[in-house]
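Right, one structure below, let's go through it.
Numbering (this note's numbering), first residue to last: 42 to 465.
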């Protein structure tokens, strides 16, 4: 009974942690300045502008509409900017727990999934910051949940919302769509599958693309959008605009102090500092206040080990023709969210992008926990050991909590938490 309600209780506690002092720090944190400004424009004009002029925007509108919803309800202030992210971060915990239930049919492992996500610093920081990546994560995770249940129409809707938040959703759509078609053709001949193939093309191609185009409705109806009047045909104008967006994304190679190579994301070698100040009021001559997008180290290092092990385990299964579809699903989410970034070695990228596939990393840990429990002579003792691991993650999370919440601490306390020079 306790394990059954645990995910809900964990999510409630996580939500309160997300909204406590949500207006701190004051002012914009990291790239909030771009997305909050865009949300304001969407509320006022239906399209993003720069004063009286059109503004060149490099991301689709849906994520900024999510931020705008919070501003509309709670006002144009720090709490209003960030509240929808706090809600999204809480929903991610619940949806991931529900997905774990579908995968493992275990109330215990479902609760473990919720707890590990609740005790992760990267998810907490994103849940308290008005950026786009968390909304992308929410839509991708929702799509993956429905995809696993083979409810492809629902999955396609959320894939469309994800694509209308950030283009990187395209990797998930392409890979999940490819696997869907592969399974369809593996079980049937092409002639027998023509109708089903057509439906899958609608679900993984047409509908997400349609939702994406509809998300630009404000740009279509307003004459103030960037390049809106480039051509007499608005579709031609939108295509030209998207060519410019593509050029921006492929040519973004400007050096940044916190850029991080994808090879180092899982071990959190170079976390991104979202905010840093040296205020007064900590009881010491030297104080520090930072918001650091650092995943809970013990959790992420464990996830790294789990992924390496499960890749080898999957290859072993493949060799013996006994592949577990649930393991394939977990690895599919990690590959779709992680692998594409290795093809952009010269591009300016950051470790906090890993938030999008983090739920699958947590599921990888839980999958390993299931293997451990199932192969143990005493399941109760094995579960105690798993709970011990969760306790260690929790303590590690609490230790770094001041850096996740942007609390003012002494410089010595801050420096004590900089375990590696690359974290500074």
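Ideal placement from N, C-alpha and C gives every residue a C-beta, glycine not left out. Because the structure is a prediction, the values reported are computed rather than measured.
Collapsed DSSP secondary structure at residue i in the structure displayed
{"i": "residue 316", "result": "strand"}
{"i": "residue 364", "result": "coil"}
{"i": "residue 99", "result": "coil"}
{"i": "residue 247", "result": "helix"}
{"i": "residue 253", "result": "helix"}
{"i": "residue 295", "result": "coil"}
{"i": "residue 323", "result": "coil"}
{"i": "residue 285", "result": "helix"}
{"i": "residue 66", "result": "coil"}
{"i": "residue 355", "result": "helix"}
{"i": "residue 81", "result": "helix"}
{"i": "residue 105", "result": "helix"}
{"i": "residue 223", "result": "helix"}
{"i": "residue 308", "result": "coil"}
{"i": "residue 213", "result": "helix"}
{"i": "residue 36", "result": "The displayed coordinates of the chain run from 42 to 465. Any statement about residue 36 would go beyond what the structure contains."}
{"i": "residue 458", "result": "coil"}
{"i": "residue 384", "result": "helix"}
{"i": "residue 171", "result": "coil"}
{"i": "residue 394", "result": "helix"}
{"i": "residue 377", "result": "helix"}
{"i": "residue 272", "result": "coil"}
{"i": "residue 116", "result": "coil"}
{"i": "residue 465", "result": "coil"}
Host alpha helix (DSSP H) of residue i (start-end)
{"i": "residue 328", "result": "Unbroken run through residue 328 is the beta strand (DSSP E), 328 to 334; no alpha helix (DSSP H)."}
{"i": "residue 426", "result": "420 to 446"}
{"i": "residue 265", "result": "Counting along the chain, residue 265 falls outside any alpha helix (DSSP H), and DSSP gives it neither H nor E."}
{"i": "residue 193", "result": "193 to 204"}
{"i": "residue 148", "result": "148 to 159"}
{"i": "residue 128", "result": "119 to 145"}
{"i": "residue 411", "result": "399 to 415"}
{"i": "residue 61", "result": "That residue, residue 61, is in no alpha helix (DSSP H); it is neither H nor E in DSSP."}
{"i": "residue 166", "result": "162 to 168"}
{"i": "residue 185", "result": "174 to 189"}
{"i": "residue 242", "result": "235 to 242"}
Integer-rounded CB distance, given that residue j should sit under 8 Å from residue i
{"i": "residue 183", "j": "residue 136", "result": "6 Å"}
{"i": "residue 73", "j": "residue 106", "result": "Incorrect: roughly 16 Å between the Cβ atoms, too far for contact."}
{"i": "residue 164", "j": "residue 399", "result": "6 Å"}
{"i": "residue 190", "j": "residue 228", "result": "18 Å between Cβ atoms; not a contact."}
{"i": "residue 112", "j": "residue 84", "result": "6 Å"}
{"i": "residue 369", "j": "residue 452", "result": "Wrong, their Cβ atoms sit about 48 Å apart, outside the cutoff."}
{"i": "residue 13", "j": "residue 185", "result": "Residue 13 lies beyond the range of the chain shown here (42 to 465); nothing can be said about it."}
{"i": "residue 340", "j": "residue 314", "result": "Their Cβ separation, rounded to whole angstroms, is 20 Å, which puts residue 340 and residue 314 out of contact at 8 Å."}
{"i": "residue 162", "j": "residue 438", "result": "6 Å"}
{"i": "residue 181", "j": "residue 152", "result": "In fact, because the Cβ distance is near 23 Å, the residues do not count as touching under 8 Å."}
Check whether residue i and residue j have beta carbons under 8 Å apart
{"i": "residue 312", "j": "residue 382", "result": "no"}
{"i": "residue 100", "j": "residue 126", "result": "no"}
{"i": "residue 174", "j": "residue 396", "result": "yes"}
{"i": "residue 449", "j": "residue 157", "result": "no"}
{"i": "residue 402", "j": "residue 372", "result": "no"}
{"i": "residue 214", "j": "residue 199", "result": "no"}
{"i": "residue 176", "j": "residue 154", "result": "no"}
{"i": "residue 47", "j": "residue 159", "result": "no"}
{"i": "residue 390", "j": "residue 292", "result": "no"}
{"i": "residue 424", "j": "residue 145", "result": "no"}
{"i": "residue 447", "j": "residue 118", "result": "no"}
{"i": "residue 237", "j": "residue 225", "result": "yes"}
{"i": "residue 316", "j": "residue 331", "result": "yes"}
{"i": "residue 263", "j": "residue 88", "result": "yes"}
{"i": "residue 306", "j": "residue 392", "result": "yes"}
{"i": "residue 444", "j": "residue 335", "result": "yes"}
{"i": "residue 337", "j": "residue 308", "result": "no"}
{"i": "residue 103", "j": "residue 202", "result": "yes"}
{"i": "residue 278", "j": "residue 265", "result": "no"}
{"i": "residue 343", "j": "residue 414", "result": "no"}
{"i": "residue 427", "j": "residue 410", "result": "yes"}
{"i": "residue 298", "j": "residue 455", "result": "no"}
{"i": "residue 63", "j": "residue 108", "result": "no"}
{"i": "residue 267", "j": "residue 282", "result": "yes"}
{"i": "residue 79", "j": "residue 98", "result": "yes"}
{"i": "residue 349", "j": "residue 358", "result": "no"}
{"i": "residue 217", "j": "residue 188", "result": "yes"}
Beta-bridge pairing of residue i - partner residues as DSSP gives them
{"i": "residue 450", "result": "329"}
{"i": "residue 339", "result": "According to DSSP, which records beta bridges pairwise, residue 339 is partnered with nothing at all."}
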